[in-house]
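Before any comments, here is the structure.
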Amino acid sequence: MNDISEYHRRLPYGERVLPEPLLGGPFFPFEGDLQVVPLAEPVIPEPPRAGEPGGNPCPTCSDPDGNAIWGDEQWVLKAGFEPNGLPMVAILVPREHYRLDNLPPVLTATLGPVIQRIAGAIREIPGVGRTHFSRWGDGSEHFHVWFLARPLGMMQLRGAMIAAWDDLLPRVPTAEFQANARTVASALSSVGGTPLGVAAAS
Numbered sequence: 031m032n033d034i035s036e037y038h039r040r041l042p043y044g045e046r047v048l049p050e051p052l053l054g055g056p057f058f059p060f061e062g063d064l065q066v067v068p069l070a071e072p073v074i075p076e077p078p079r080a081g082e083p084g085g086n087p088c089p090t091c092s093d094p095d096g097n098a099i100w101g102d103e104q105w106v107l108k109a110g111f112e113p114n115g116l117p118m119v120a121i122l123v124p125r126e127h128y129r130l131d132n133l134p135p136v137l138t139a140t141l142g143p144v145i146q147r148i149a150g151a152i153r154e155i156p157g158v159g160r161t162h163f164s165r166w167g168d169g170s171e172h173f174h175v176w177f178l179a180r181p182l183g184m185m186q187l188r189g190a191m192i193a194a195w196d197d198l199l200p201r202v203p204t205a206e207f208q209a210n211a212r213t214v215a216s217a218l219s220s221v222g223g224t225p226l227g228v229a230a231a232s
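Everything in the sequence shown is counted per this note's numbering, starting at 31 for the first residue and increasing by one.
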């Protein structure tokens, strides 16, 4: 079991670390007087994630096709959990409940190609320059990969702060989100799988 390490012992808990390393950076979306919240003490053992024993039920298993816009026999792409500032924010999940460390080889072998397909499909949305993708995994045990569409030409949105920009930008109208979902699902379905939810609507 992981325990308090030398890394943990040297951190300034209860203090505010300085924001200067980020201020003025080309991708940092804030300026002016900023305060970093005080660094909290580590919580060990960590609280269970959704889907782990003692945690909340796994949301993906509780509602497998909730917010789904595309799926095949192995994977489901979900989007539109809440209004977004980016043209598309989506997660890819396996149909069965796995963690990254116990993902079966057959799924692991298809993960790279399906990421590649989704990244390309999201770039089919008008006005999208690139597709960013990340795996955080702190909210739910069920393996998932996030996809975020960076608008064309918006160079400030490059890098890890794109998720913060998603919260800051004006919300995408519902009709536009649905059209974007159909674009992505159609591009994916041209190779395999089926549009789902709002993406299946004509």
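Glycine included, each C-beta is placed from N, C-alpha and C at the ideal position. Being a predicted model, the structure only gives us computed values, none of them experimental.
- Each residue's CA atom was taken as its position, placing Asn-86 and Arg-153 some 34 Å apart.
- Within 10 angstroms of the beta-carbon of Pro-49 lie fewer than 16 other beta-carbons, which makes it exposed.
- Per DSSP, Gly-96 is not a residue of any alpha helix (DSSP H), being assigned neither H nor E.
- Apart from sequence neighbours up to five positions away, the residues of its chain that approach Trp-195 with a beta-carbon distance below 7 Å are Pro-59, Gly-115 and Leu-187, ordered along the chain.
- The residues Leu-69, in chain order, have a CB closer than 7 Å to that of Leu-41 in the same chain once the five nearest residues on each side in sequence are set aside.
- In the displayed model, Phe-207 falls within a helix according to three-state DSSP.
- The Cβ neighbour count for Trp-166, taken over all protein chains shown within 10 Å, is under 16; the residue is labelled exposed.
- Positions of the beta strand (DSSP E) runs, each at least 3 residues long and wholly inside the stretch 31 to 110, are given as 98 to 101 and 105 to 109 in order along the chain.
- Comparing C-alpha distances from Pro-200 to each of Ala-215, Leu-133 and Pro-113 shows the shortest one belongs to Pro-113.
- Between the stretch 122 to 131 and the stretch 217 to 224, the count of C-beta pairs closer than 8 Å stays below three; the two stretches do not touch.
- In the assembly as shown, Arg-212 is a buried residue. Its beta-carbon has 16 or more other beta-carbons within 10 Å.
- Trp-195 carries a helical assignment under DSSP once its states are collapsed to helix, strand and coil.
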